[in-house]
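Comments concern the structure below.
Residue numbers (the working numbering): 215 to 398.
Here is the structure:
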């Protein structure tokens, strides 16, 4: 196949909204699905750990939203014809479980520091998810299989989730160090 044929095919793909290299988008989305799988597990764990605390209801709602966001990503992958790589989802799930094995200053119980670290990791994950929604929003400008308004709503929700996670992280830090007067 000559260079002209390849160029024509790529041009034709672009005119109907298919990325020039759709396999790269598939890899990217599967990477995010693996991260989302880990994020759902971590969010549920945080919600369970804080059940009965002031942060409990917020974390339970956040865990439900993060699970819903993961389902949204899967639906978009399906509409784009991206094959889900189940082994990557398993890797994300296992990665979250392995992340629990970090030293936390306590041998058999949960340390207050665990919440700070987990909230930081969750926020990083949400920021990554926001980047994915923004990338997909750009794709949606050229591909009718994606709903631009839905992606805008998902991005707004990710921004709100990030702010909430930061607020909860700050509260956790203040709980650990004591909320005295700030040093001037």
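By construction, the Cβ of each residue, glycine as well, lies at the ideal position given by its N, Cα and C atoms.
*What are the boundary residues of the alpha helix (DSSP H) that residue 283 is part of?*
As a working mapping, residue 283 is identified with position 69 in the chain shown. Residues 270 to 293.
*Does the beta carbon of residue 348 fall short of 8 Å from some heavy atom of the ligand ZN?*
The ligand ZN is not part of the structure shown, which contains no ligands of any sort.
*Drop a sphere of 10 angstroms on the beta-carbon of residue 238, count the other beta-carbons inside from all chains shown, and report buried for 16 or more, exposed for fewer.*
Along the chain shown, one-based indexing puts residue 238 at 24. The residue is exposed, with fewer than 16 neighbouring Cβ atoms inside 10 Å.
*Between the C-alpha atoms of residue 371 and residue 391, what's the straight-line distance to the nearest angstrom?*
Here the question's residue 371 lines up with position 157 in the chain shown. Here the question's residue 391 lines up with position 177 in the chain shown. Approximately 30 Å between the Cα atoms of the pair.
_Rounding to the nearest angstrom, what Cα-Cα distance links residue 307 and residue 255 in this structure?_
As a working note, residue 307 is residue 93 in the chain shown. As a working note, residue 255 is residue 41 in the chain shown. Because residue 307 sits at a pLDDT of 48, beneath the cut-off of 50, its placement in the model cannot be relied upon, and the following sentence gives the value as read from the coordinates. Going from the Cα of residue 307 to the Cα of residue 255 covers about 7 Å.
*Using alpha carbons as the reference points, say which of 283, 330, 334, 278 lies closest to residue 248.*
Taking the first residue of the chain shown as 1, we reach residue 248 at position 34. Answer by Cα proximity: 283.
*Can you grab the Cα-Cα spacing for the pair residue 288 / residue 377, in whole Å?*
Translated into positions along the chain shown, residue 288 becomes position 74. Translated into positions along the chain shown, residue 377 becomes position 163. The straight-line gap from Cα to Cα measures roughly 25 Å.
*Among 348, 326, 295, which has the Cα closest to the Cα of residue 368?*
Against the chain shown, residue 368 aligns to sequence position 154. Here the closest residue by C-alpha is 348.
*Would you check if the distance between the CB atom of residue 383 and the CB atom of residue 327 is smaller than 9 Å?*
Taking the chain shown and counting its residues from 1, the one referred to as residue 383 is at position 169. Taking the chain shown and counting its residues from 1, the one referred to as residue 327 is at position 113. Result no, Cβ atoms of residue 383 and residue 327 do not sit closer than 9 Å.
*For residue 190 versus residue 339, is the C-beta distance shorter than 9 Å?*
Missing from the structure shown is residue 190; the chain here goes from 215 to 398 and no further.
_Can you tell me whether residue 251 is buried or exposed? The criterion is at least 16 other CB atoms within 10 Å of its CB, across all chains shown._
On the chain shown, residue 251 is found 37 positions in, with the first residue counted as 1. With 16 or more Cβ atoms within 10 Å of its Cβ, residue 251 is classed as buried.
*Determine the extent of the alpha helix (DSSP H) in which residue 386 is found, giving its start and end residues.*
In the chain shown, counting from the first residue as 1, residue 386 sits at position 172. That run of the alpha helix (DSSP H) goes 362 to 391.
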